[in-house]
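Enquirer: Protein chains in written order, with this note's numbering: chain A, 82 to 365; chain B, 0 to 278; chain C, 1326 to 1769.
Beta carbons are placed, not taken as given, at the ideal position from N, Cα and C, and that holds for glycine.
Source: prediction; values computed, not measured.
Take a look at the following structure, please.
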């Protein structure tokens, strides 16, 4: 509490610069975006108030939005689990005294260094190549291909990212704690469960949240890999919103309303996820 | 015990080797095709370059020429370096404030930052470019402010997470000694945060370096970063896409960021080692 | 620490200097053209340099990245110094942007338009002026065709490309060629029917334009806006030609969902196929690419024959989706300066030279004579078809009033399912009609 009081008067120096930028770059545009979801508009300058009409249309016009929501949920559940398990496993391995850990870390991190869209196309080539060899089909043939294709691409891209956060966390576990556990003769797994994972719980919170947010927002890879084919069955939420915006005339407002619904949905899930994992953290 | 360790290490090493080779396949495909002529990439993407399809460094030369690559790289570098520096500095300070000051407004701030991460960019892109235009932030310096604001969510979130795991006794001791909050932060906290700060720097550098939509909408009409230049000059109407040029530019654009990553990684390890000695 | 401080200091100084320079550049109001065609972005840079040299007027050109024009325009037009010249794609585009389009009926630029019926109008106002005429059909490689016609064992009646003037002839030639593909040295007659999402516009827009064009003519439909309902009564004709593409292709049906337009054009350029449906813009995907085997004198267009009554007089599809509009929200002076620039580009000797030689546009203006034509072979084939006696071109009017991109994408996805065998043609046809109605209503 002493520390809290000591620091709190430094608000202008510590918090204000970030807050000012945040308000300009995010809060104001977000507020305007909220307003636009209740209007009919072509550009930011010529909006006309239409009330709740956009929200009604978002759900009633066709079932695509609901389908996209469901696709996104299934995809997110699978990916969050697989990305985090793989990333944590890699981080554990790469903090051991193994040969070439630096090179391995760099290799696993590499996919992140390149933007999403082009790699989506490269993966499309690869997966289609494999499917053509074994089944003489392609990604558009079956929605399961698209679903698992996306899971693979996202795992490939995100594992390295989460891995470096986990590595930073594991390295933050004080050496003496690890050693003490080692002297006690604890096996690798009991050390993992009783020492390492609890000590890195904050990183688990961070990483599950980040994968969750990124999977729910998935756009580039979705567009590049499947484009929704076949028959929009692999269309995620962000892609659906984008297409409502640009591909249906006079539907910018509806797209904006869908984005707001999307935001509320993601915010709710994220809020509960944060509360859940935070409650598992050891207090620092 | 020793032999078990050895077996573990060997198995681990071999496993990692196999996985990392699989990991590199897509990137190898990019590298290989960057030396092939456009039509051949299209017709036979998996074939190695042969006499007919080998384009030498042609894709690199034409790609760099057509995209005005050096100028674009200059802008990308400028924006990335300063955005990342500003983000790391201001958000680590803010995160410390949020993590340590127990008050309703820090909780609100924290959740605001967290929720900004889950807003799809498409929802704010037009309004943000409008705000940037009205406030005259639509230039390479102003966009740094936008990046600081838009990147604040992720960075504050990560910093707060790590700061909460630092025992508060360290700060208390320093404050009893009479050091100002400013000094405590820069001499005590920031050094502890160094590995995290570098992690945050890497994540943000990747994002800013590769970001397309934000700079395109905000400053794209006057200043082109690498992703904008590549997207703009390598694709044409009616689905024309210069795949050779695309792949070559991808290879070139990735080099600076790999160098940055490798240098930073060395620092993370050094920082950790230094901490271990102190402990 | 001191070195770091110095670096930071120097950085900030540099940043300030740069931003000061940056602000100066985009400060004043000026003629600003938001270009739609990325493939000619570099040409426009040369054009505005020449214009500034001649008149002293500075024109800013910004090119929207491919596929992002609407997005870019939405963002740019709400800014301080918005585009003064932008592009719309016809009546549908005018519907979206009517708040921003100025009336051009009194301008020299509009006065020079050779066929006034081509412009986008509303009431007595003129809101979009077309600046390029394009054509599409089936592009053939004459070298391969001649090789076939010279074969002693050929089964089709036609003896030269000129004898193919109906679907029946086309089908006979194509199917016989496909049977003899090994002797002809090709993988298939037609390049892959690219049906990958976003790469299917050659079918869901361009091919579909033909049956809808016939339908609107037959039913006397008003084509100045999207009709509320359609019948797709000539859908079966479209199916005939589409089947011909699918069955006589370089690529198995199961793999069409991964093919792109660029793939198809590459196959054609490498001589792996003899025909490909595309437009005159496709020439630069063929000419000059490494490995190209197609000679300039060997390419030409065939019309999209699909078994319509009297199709012997049907020409290729000719029209435009590219119209210039002037931003009504900028000052009248700036609007006039923008029109002056456009008029200069399409009427002065220097401007015209850029248009034909560099932009390679077939320009629909009275200021262009027969001599002022681009020299690429497909553009010349388009001109030849336009002027061919006894032949009527199919206009692009139908595709310009397709209800939305969403409708086109849905139709394309159905065509893919049809090609993969998971959807009957009757279902494709039915869905085209019902979703047209829904989309036309939604756009309302």
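Starting from residue 1506 of chain C and walking both ways along the alpha helix (DSSP H), at which residues does that stretch end?
Expert: What you label residue 1506 of chain C is simply residue 181 of the third chain in a count that begins at 1. Per DSSP, residue 1506 of chain C belongs to the alpha helix (DSSP H) from 1506-1509.
Enquirer: Any C-beta of chain A sitting closer than 8 Å to the C-beta of residue 147 of chain B?
Expert: Here residue 147 of chain B is taken as the residue at index 148 of the second chain, counted from 1. So yes, residue 147 of chain B belongs to the interface.
Enquirer: State buried or exposed for residue 122 of chain A, treating a residue as buried only when at least 16 other CB atoms are found within 10 Å of its CB.
Expert: The residue you call residue 122 of chain A lines up with position 41 of the first chain. Its Cβ being crowded by 16 or more others within 10 Å, residue 122 of chain A is buried.
Enquirer: Give me the chain E residues within the contact set of residue 1574 of chain C, using Cβ-Cβ distance strictly less than 9 Å, ordered along the chain.
Expert: The question asks about chain E, but that chain is absent: this structure's protein chains are A, B and C.
Enquirer: Just checking my contact of residue 1434 of chain C with residue 1454 of chain C at CB under 8 Å: how many whole Å lie between their CB atoms?
Expert: The count along the third chain starts at 1 and reaches residue 1434 of chain C at position 109. The count along the third chain starts at 1 and reaches residue 1454 of chain C at position 129. The Cβ separation is near 6 Å, so the contact holds.
Enquirer: Within 8 Å of any Cβ in chain C, is that where the Cβ of residue 238 of chain B sits?
Expert: Translated into the one-based positions of the second chain, residue 238 of chain B becomes position 239. For residue 238 of chain B, the answer is yes, since a Cβ of chain C falls inside 8 Å of its Cβ.
Enquirer: Comparing C-alpha positions only, which one of B/264, B/109, B/265 and B/35 sits nearest to residue 1615 of chain C?
Expert: Translated into the one-based positions of the third chain, residue 1615 of chain C becomes position 290. Per the Cα distances, B/35.
Enquirer: Quickly, what does DSSP pair residue 18 of chain B with across the bridge? List them, please.
Expert: Taking the first residue of the second chain as position 1, residue 18 of chain B is located at position 19. According to DSSP, which records beta bridges pairwise, residue 18 of chain B is partnered with nothing at all.
Enquirer: Looking at residue 154 of chain B and residue 203 of chain B, is the spacing between their C-beta atoms short of 8 Å?
Expert: On the second chain, residue 203 of chain B is found 204 positions in, with the first residue counted as 1. On the second chain, residue 154 of chain B is found 155 positions in, with the first residue counted as 1. Yes, these two residues count as a Cβ contact at 8 Å.
Enquirer: Whose CA, out of B/70, B/74 and B/39, lies closest to the CA of residue 58 of chain B?
Expert: Taking the second chain and counting its residues from 1, one reaches residue 58 of chain B at position 59. The candidate whose alpha carbon is nearest that of residue 58 of chain B is B/39.
Enquirer: Rounded to the nearest angstrom, what separates residue 250 of chain A and residue 97 of chain B at their Cα positions?
Expert: Translated into the one-based positions of the first chain, residue 250 of chain A becomes position 169. Translated into the one-based positions of the second chain, residue 97 of chain B becomes position 98. Straight across, the Cα-Cα distance linking residue 250 of chain A with residue 97 of chain B is about 20 Å.
Enquirer: What residue does the alpha helix (DSSP H) around residue 1675 of chain C start on, and which one ends it?
Expert: For the purposes of this step, residue 1675 of chain C is taken as the residue at position 350 of the third chain. Residue 1675 of chain C -> alpha helix (DSSP H) spans 1674-1678.
Enquirer: Where does residue 1328 of chain C sit, in a helix, a strand or coil, going by DSSP?
Expert: Translated into the one-based positions of the third chain, residue 1328 of chain C becomes position 3. Note that residue 1328 of chain C scores 47 on pLDDT, short of 50, meaning its location in the model is unreliable; the coordinates nonetheless yield the value given after this. Residue 1328 of chain C: helix per DSSP, three-state reduction.
Enquirer: Per DSSP, which one or two residues make a beta bridge with residue 1690 of chain C?
Expert: Residue numbering aside, residue 1690 of chain C sits at position 365 when the third chain is read from its first letter. DSSP output for residue 1690 of chain C lists C/1438 as bridge partner(s).
Enquirer: Alpha carbon to alpha carbon, how far is residue 1755 of chain C from residue 1502 of chain C? Give it in angstroms, no decimals.
Expert: Translated into positions along the third chain, residue 1502 of chain C becomes position 177. Translated into positions along the third chain, residue 1755 of chain C becomes position 430. Their Cα atoms are separated by approximately 33 Å.
Enquirer: If you check the beta carbons only, do residue 1724 of chain C and residue 1643 of chain C fall under 8 Å apart?
Expert: On the third chain, residue 1724 of chain C is found 399 positions in, with the first residue counted as 1. On the third chain, residue 1643 of chain C is found 318 positions in, with the first residue counted as 1. No.
Enquirer: Just to check my reading of the structure: residue 118 of chain A and residue 319 of chain A have Cβ atoms closer than 8 Å, yes? What is that Cβ distance to the nearest angstrom?
Expert: Start at 1 with the first residue of the first chain, and residue 118 of chain A comes out as number 37. Start at 1 with the first residue of the first chain, and residue 319 of chain A comes out as number 238. Not really, about 16 Å apart at Cβ, beyond 8 Å.
Enquirer: Output needed in chain order: residues of the segment 70-100 of chain B with a Cβ under 8 Å from some Cβ in chain A.
Expert: 89, 90, 92, 93, 95, 96, 97, 99 and 100
Enquirer: Which partner residues of residue 1642 of chain C appear in the DSSP bridge assignment?
Expert: Start at 1 with the first residue of the third chain, and residue 1642 of chain C comes out as number 317. DSSP output for residue 1642 of chain C lists C/1461 and C/1719 as bridge partner(s).
Enquirer: What distance in whole Å lies between the Cβ atoms of residue 349 of chain A and residue 161 of chain A, which are believed to be in contact at a cut-off of 8 Å?
Expert: The sequence position of residue 161 of chain A within the first chain is 80, counting from 1. The sequence position of residue 349 of chain A within the first chain is 268, counting from 1. In fact, because the Cβ distance is near 16 Å, the residues do not count as touching under 8 Å.
Enquirer: Going along the segment 168-189 of chain A in order, which residues come within less than 9 Å of chain B, judged by CB to CB distance?
Expert: Residues 171, 174, 175, 177, 178, 179, 180, 181, 182, 183, 184, 185, 186, 187, 188 and 189.
Enquirer: At 4 residues or longer, and completely inside the segment 1396-1430 of chain C: list those alpha helix (DSSP H) runs for me, N to C.
Expert: 1416-1422
Enquirer: How many Å lie between residue 1430 of chain C and residue 237 of chain B at the Cα?
Expert: Position 105 of the third chain, counted from the first residue, corresponds to residue 1430 of chain C. Position 238 of the second chain, counted from the first residue, corresponds to residue 237 of chain B. Those two C-alpha atoms are separated by around 31 Å.
Enquirer: Which class does residue 1387 of chain C belong to by DSSP, given the choice of helix, strand or coil?
Expert: Position 62 of the third chain holds residue 1387 of chain C. Looking at residue 1387 of chain C - three-state DSSP - the assignment turns out to be strand.
Enquirer: Thinking C-alpha only, which one of B/205, B/117 and B/200 is nearest residue 158 of chain B?
Expert: Numbered from its first residue, the second chain carries residue 158 of chain B at position 159. Comparing Cα-Cα distances from residue 158 of chain B to each of B/205, B/117 and B/200, the minimum goes to B/200.
Enquirer: Starting from residue 231 of chain B, trace the alpha helix (DSSP H) in both directions and tell me its first and last residue.
Expert: As a first step, residue 231 of chain B is located in the second chain; it is residue number 232 there, counting from the start. First-last of the alpha helix (DSSP H) with residue 231 of chain B: 225-233.
Enquirer: Could you check where the alpha helix (DSSP H) with residue 125 of chain B kicks off and where it finishes?
Expert: For the purposes of this step, residue 125 of chain B is taken as the residue at position 126 of the second chain. Where residue 125 of chain B is concerned, the enclosing alpha helix (DSSP H) stretches over 120-133.
Enquirer: Short of 7 Å in beta carbon distance, which residues of its chain neighbour residue 1485 of chain C, apart from the five on each side in sequence? Order them along the chain.
Expert: Here the question's residue 1485 of chain C lines up with position 160 in the third chain. 1474.
Enquirer: From what residue to what residue does the beta strand (DSSP E) around residue 1582 of chain C run?
Expert: One-based indexing of the third chain puts residue 1582 of chain C at position 257. Counting along the chain, residue 1582 of chain C falls outside any beta strand (DSSP E), and DSSP gives it neither H nor E.
Enquirer: Just to confirm before moving on: does the CB-CB distance between residue 1602 of chain C and residue 1463 of chain C stay below 8 Å?
Expert: On the third chain, position 277 is the one that residue 1602 of chain C refers to. On the third chain, position 138 is the one that residue 1463 of chain C refers to. With a cutoff of 8 Å on beta-carbon distance, residue 1602 of chain C and residue 1463 of chain C are scored as near each other.
Enquirer: 8 Å is my cut-off, CB to CB: does residue 109 of chain A come that close to chain C?
Expert: In the first chain, the residue the question calls residue 109 of chain A occupies position 28. With 8 Å as the cut-off, residue 109 of chain A does not count as an interface residue toward chain C.
Enquirer: Using a cut-off of 8 Å between C-beta atoms, extract the partners of residue 1588 of chain C located in chain B.
Expert: In the third chain, counting from the first residue as 1, residue 1588 of chain C sits at position 263. Per Cβ cutoff of 8 Å: 41 and 42.
Enquirer: Can you find a C-beta in chain C that's less than 8 Å from the C-beta of residue 311 of chain A?
Expert: Position 230 of the first chain, counted from the first residue, corresponds to residue 311 of chain A. Yes, residue 311 of chain A counts as interfacial toward chain C.
Enquirer: Just to confirm, are residue 197 of chain B and residue 263 of chain B a CB contact at a threshold of 8 Å?
Expert: Your numbering for residue 197 of chain B matches position 198 in the second chain. Your numbering for residue 263 of chain B matches position 264 in the second chain. Yes.
Enquirer: Can you tell me where the alpha helix (DSSP H) holding residue 65 of chain A begins and where it ends?
Expert: This structure leaves residue 65 of chain A out entirely; chain A is present only between 82 and 365.
Enquirer: Establish whether the CB of residue 1403 of chain C and some CB of chain A are separated by less than 8 Å.
Expert: The sequence position of residue 1403 of chain C within the third chain is 78, counting from 1. Closer than 8 Å: yes.
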